[in-house]
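*Asks:* If you scroll down you'll find the structure; I have some questions about it.
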Ligand code: ATP
Ligand code: MG
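Residue numbers (the working numbering): 36 to 450.
What follows is the structure in structure tokens.
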């Protein structure tokens, strides 16, 4: 894509009321636009990255047999009354229309997915089953000061699994632990992300959170480096340490962001709706459930928080909006012609390229924009690079570039 055609522009300053690093950089780069506290729109660059993260998650969900759906955001009040959450969930948005009807604006989808399934499954042969979606959630978050890490409207992947035995549930749950590790590694923050034990609330002994360490995190976790085991501070007590085989003195305290979590729901949501099946002997049982969330927008924001440097964003190759940022420096025709040639061959080779073809922008400004946007490779065509016989290629994470030929450039980028 030609940068001269991109409707968004970079900015030197973020809005004065924006205090978080992720939103500041994403707004300055034109990835997102702030609508109000905790509410952001995704613009072309931001959406490209969001879609790449979604697709990594989608691939991994499909690989474990997940069936994708897209459930409604408007949810019947009666469903929420049935589970008791109409009253108990503090962050639930309750919307009244002009006819006086009141509905919930979905913060999660147990109250929708279970009644849907009830229409279709009833035999033990229908299980196991897993259903997921990638969809906008709404929550009345009181503190919405962390940019896209804590939105009032935000994109989440939520999967729900359904089983006829505890064994079958546990097998799937353990598989999902590995799937989650794979996802965070593919997105580029595997080395900073720990699976942490957390309290499962009233219905389960444990849940597992996936926590990415950063000083700005809202959560505190304790890590045992030797075994790689971690636990949330909220569950920290001697009994739990004993159960996990951990020694207090060896644990390191870290701040972290919860990018995902997995829960054993048992029959908490299947029971109120009587989601049941008939076994081989003709006996009726309530279905067992698990749920598996990932904050997709939060994950994007987390990558920005933990990988950025003082010049801007650093995208991992797997989720970068473009593979390479091509810069034409100076506006004489020879440079223009050469840069155009490079641009066309990158496109022909299906390499995603953002081409800074803007005239009347100084080299310094183009370099600063490239650093801010954080595309993994920067390829510069200038009078100097032409004189030295090629294109100056530099990784976003490197200080110095090197001159490469067009063939070499294509080879490096199609690796
Ligand atoms: P938190 O403790 O951070 O509020 P949660 O326990 O409420 O999270 P879940 O309801 O389990 O979160 O949602 C699943 C995932 O969605 C979380 O692991 C997190 O990554 C993401 N998430 C939750 N709330 C938000 C939010 N307000 N904005 C962005 N992402 C969120
Ligand atoms: Mg919450």
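Using N, Cα and C, we set each Cβ at its ideal position, and we do this for glycine too.
From the DSSP output, which residues share a beta bridge with residue 132?
*Replies:* DSSP output for residue 132 lists no bridge partner at all.
*Asks:* Would residue 364 pass as a contact of residue 45 if the rule is Cβ separation under 8 Å?
*Replies:* The answer is no: Cβ separation not under 8 Å.
*Asks:* Relative to the C-alpha of residue 305, which candidate in 325, 338, 270, 121 has its C-alpha closest?
*Replies:* Comparing Cα positions, the closest option is 325.
*Asks:* When we look at the beta-carbon of residue 237 and count the other beta-carbons within 10 Å, is it buried (16 or more) or exposed?
*Replies:* Confidence in residue 237 is poor, its pLDDT being 47 and thus under 50, which makes the residue's placement too unreliable to answer from.
*Asks:* In or out: residue 26 buried (at least 16 other Cβ within 10 Å) or exposed?
*Replies:* Because residue 26 is not part of the residues shown, which for the chain are 36 to 450, the question remains open.
*Asks:* Going by DSSP, what residues sit across from residue 158 in a beta bridge?
*Replies:* Per DSSP, 313.
*Asks:* May I ask whether a heavy atom of the ligand ATP can be found less than 7 Å away from the beta carbon of residue 43?
*Replies:* No, the Cβ of residue 43 stays beyond 7 Å of every heavy atom of the ligand ATP.
*Asks:* Using a Cβ-based criterion (distance less than 7 Å to any ligand heavy atom), does residue 189 qualify as near the ligand ATP?
*Replies:* Yes - the ligand ATP has a heavy atom lying nearer than 7 Å to the Cβ of residue 189.
*Asks:* As a quick exercise: from 404, 433, 445, pick the residue whose alpha carbon is nearest that of residue 38.
*Replies:* Answer by Cα proximity: 404.
*Asks:* DSSP on residue 204, reduced to helix/strand/coil?
*Replies:* In this structure, residue 204 counts as helix in the three-state DSSP scheme.
*Asks:* Could you tell me the alpha carbon to alpha carbon distance between residue 387 and residue 86, rounded to whole angstroms?
*Replies:* Roughly 14 Å between the two C-alpha positions.
*Asks:* If you draw a straight line from the alpha carbon of residue 30 to that of residue 289, how long is it in whole angstroms?
*Replies:* Lying before the first or after the last residue shown, residue 30 is absent from the chain, which here runs from 36 to 450.
*Asks:* Can the beta-carbon of residue 182 be found closer than 8 Å to that of residue 55?
*Replies:* Cβ atoms of residue 182 and residue 55: closer than 8 Å.
*Asks:* Which runs of the alpha helix (DSSP H), 4 residues or longer, sit entirely within the segment 353-400?
*Replies:* Counting only runs of 4 or more, we get 368-383.
*Asks:* Among the candidates 82, 71, 69, whose CA atom is the shortest distance from the CA of residue 355?
*Replies:* Closest option to residue 355, Cα to Cα, is 82.
*Asks:* Going by the beta-carbon positions, is the gap between residue 291 and residue 248 smaller than 8 Å?
*Replies:* In this structure, residue 248 lies closer than 8 Å to residue 291 by Cβ.
*Asks:* Confirm the yes/no value for this check: CB of residue 182, any heavy atom of the ligand ATP, distance under 7 Å.
*Replies:* It does not: the Cβ of residue 182 is nowhere closer than 7 Å to a heavy atom of the ligand ATP.
*Asks:* How big is the Cα-Cα spacing for residue 379 and residue 426?
*Replies:* Cα to Cα, the separation comes out at about 14 Å.
*Asks:* Tell me the rounded alpha-carbon separation between residue 178 and residue 94.
*Replies:* Between residue 178 and residue 94, the C-alpha separation is close to 33 Å.
*Asks:* Would DSSP call residue 238 helix, strand or coil?
*Replies:* In this prediction, residue 238 scores a pLDDT of 45, lower than 50, which makes its location untrustworthy; the coordinate-derived value is nonetheless stated afterwards. Note: residue 238 maps to coil in three-state DSSP.
*Asks:* Is the beta carbon of residue 296 within less than 7 Å of some heavy atom of the ligand ATP?
*Replies:* Under cutoff, so the answer is yes.
*Asks:* Quick one: is the Cβ of residue 143 within less than 7 Å of any heavy atom of the ligand ATP?
*Replies:* Yes - the ligand ATP has a heavy atom lying nearer than 7 Å to the Cβ of residue 143.
*Asks:* How about residue 275 and residue 229: do their beta carbons lie closer than 8 Å?
*Replies:* For residue 275 and residue 229, no; Cβs fall outside 8 Å.
*Asks:* On the three-state DSSP scale, how would you describe residue 432?
*Replies:* Looking at residue 432 - three-state DSSP - the assignment turns out to be coil, as it is neither helix nor strand.
*Asks:* Between residue 216 and the rest of its own chain, which residues show a CB-CB distance below 6 Å, the 5 nearest in sequence each way excluded?
*Replies:* There are no such residues.
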